[in-house]
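The structure appears right after this line, and notes come after that.
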Amino acid sequence: MNPASLILLAFAMSTDAFAASIGRGAELSKVRFISALRIGIVFGVVEAIMPLVGWALGHVAMRFVSGVDHWIAFAMLALLGGHMIWEGLKNGGADAIKVAGVQQEDKSIWLIAVTALATSIDAMAVGITLALTDINIVVASLAIGLATTLMVTCGTLLGRAIGTVVGKWAEVLGGLILIAIGVAVLYEHLAGVVSA
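Under mature numbering (1 follows the signal peptide of the UniProt record, and there is no 0), the letters of the sequence shown match residues -19 to -1, 1 to 177, in that order.
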């Protein structure tokens, strides 16, 4: 995976958390930067850990699926991207943050972590997919974590001003990017087979 694809992947993985943080910011009457940054860091750490977990699971399964790994990677990314698009269009993309259901700005770090976990399950699925590709999982996980920290911090700060509509389209865009990456993985493999 080239650096441009890695950056796109990192930001695509952060779009659901970004959508959730916009919803959170829209609920608050006043948002302080330090609170937004703290929420961003929690989301970023959780989002960085989940691809590692998925990669470990995928790496174990790799010996059983090595002949069709490119098709599995394509299918998983396409399905995950399609699901993100569906959720973005159906729910407006900001429902995940409301799982915690608390209105005050300084809610428990544990409730924030649970919400972060809920929005990072897709990162674990991508981690499984990354085990089937030629990528440095530590670099990919750090990129996903940093992108999520940045996006959630910004989303929380901007939520009051831009509302939940942007969150909806951010998740749709993230889904489209995942599908495009899946197509690129499949194309790279099939092009390699043809030229071999």
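Ideal Cβ placement from N, Cα and C applies to all residues, glycine included.
In this text, all values refer to a predicted model and were calculated from it rather than measured experimentally.
- prompt: How big is the Cα-Cα spacing for ALA17 and PHE45?
  reply: Numbered from its first residue, the sequence shown carries residue 17 at position 36. Numbered from its first residue, the sequence shown carries residue 45 at position 64. Near 43 Å, if we compare the C-alpha coordinates of PHE45 and ALA17.
task: Check whether the Cβ atoms of LEU111 and ILE118 sit closer than 9 Å, and answer yes or no.
output: The sequence position of residue 111 within the sequence shown is 130, counting from 1. The sequence position of residue 118 within the sequence shown is 137, counting from 1. Contact flag set, yes.
field: Selected residue, minimal CA-CA separation from GLY136, among ASN(-18), PRO(-17), SER(-15) and ALA1
entry: Within the sequence shown, residue 136 is the residue found at index 155, counting from 1. Answer by Cα proximity: ALA1.
- request: Figure out for me which residue from LEU98, ALA165 and GLY140 has the closest Cα to the Cα of GLU28.
  value: Within the sequence shown, residue 28 is the residue found at index 47, counting from 1. It is LEU98.
- prompt: Who are the Cβ neighbours of ALA106 in its own chain at under 8 Å, not counting the five residues just before and after it?
  reply: In the sequence shown, counting from the first residue as 1, residue 106 sits at position 125. So the list reads GLY35, MET57 and LEU61, once near-sequence residues are dropped.
- request: Hey, could you find the ends of the alpha helix (DSSP H) THR110 is sitting in?
  value: As a first step, residue 110 is located in the sequence shown; it is residue number 129 there, counting from the start. Its alpha helix (DSSP H) spans residues 102 to 111.
field: Spatial distance of ILE143 from ASP(-4) (CA atoms)
entry: Looking up residue 143 in the sequence shown gives position 162. Looking up residue -4 in the sequence shown gives position 16. About 16 Å.
Backbone CA spacing between ALA165 and LYS11 [nearest angstrom]: As a working mapping, residue 165 is identified with position 184 in the sequence shown. As a working mapping, residue 11 is identified with position 30 in the sequence shown. Cα to Cα, the separation comes out at about 42 Å.
- request: Reducing DSSP to helix, strand and coil, say where LYS71 ends up.
  value: Counting from one through the sequence shown, the residue named residue 71 turns up at place 90. Reduced to three states, the DSSP call for LYS71 is helix.
field: Cβ-based burial, LEU33 [other Cβ within 10 Å; buried from 16]
entry: Within the sequence shown, residue 33 is the residue found at index 52, counting from 1. Flag for LEU33 reads buried.
message: Quick check: what's the CA-CA separation for GLY108 versus ARG19?
response: Residue numbering aside, residue 108 sits at position 127 when the sequence shown is read from its first letter. Residue numbering aside, residue 19 sits at position 38 when the sequence shown is read from its first letter. Distance between the alpha carbons of GLY108 and ARG19 is about 25 Å.
field: Cβ neighbours of THR134 in the same chain (closer than 6 Å, five flanking residues each side left out)
entry: Looking up residue 134 in the sequence shown gives position 153. Closer than 6 Å at Cβ, skipping near neighbours: ALA17, LEU18 and GLY21.
message: In whole angstroms, give me the CA-to-CA distance for VAL120 and GLY48.
response: Along the sequence shown, one-based indexing puts residue 120 at 139. Along the sequence shown, one-based indexing puts residue 48 at 67. Cα-Cα distance, rounded: 26 Å.
task: Quick one: using the 10 Å Cβ neighbour count with 16 as the cut-off for buried, is VAL95 buried or exposed?
output: The count along the sequence shown starts at 1 and reaches residue 95 at position 114. By the 10 Å Cβ count, VAL95 comes out exposed.
- prompt: Assuming MET(-7) and ILE160 make a contact with CB atoms under 8 Å, what is their CB distance in whole Å?
  reply: Your numbering for residue -7 matches position 13 in the sequence shown. Your numbering for residue 160 matches position 179 in the sequence shown. At roughly 13 Å, the Cβ-Cβ gap does not stay under 8 Å, so MET(-7) and ILE160 are not in contact.
- request: Could you give the DSSP three-state label for ARG13: helix, strand or coil?
  value: Indexing the sequence shown from 1 puts residue 13 at position 32. In this structure, ARG13 counts as coil in the three-state DSSP scheme.
message: Can you list, in chain order, the residues of its chain with a C-beta nearer than 8 Å to that of ASN(-18)? Leave out the 5 residues immediately preceding and following it.
response: In the sequence shown, residue -18 corresponds to position 2, counting from 1. Excluding positions up to five away in sequence, the list is empty.
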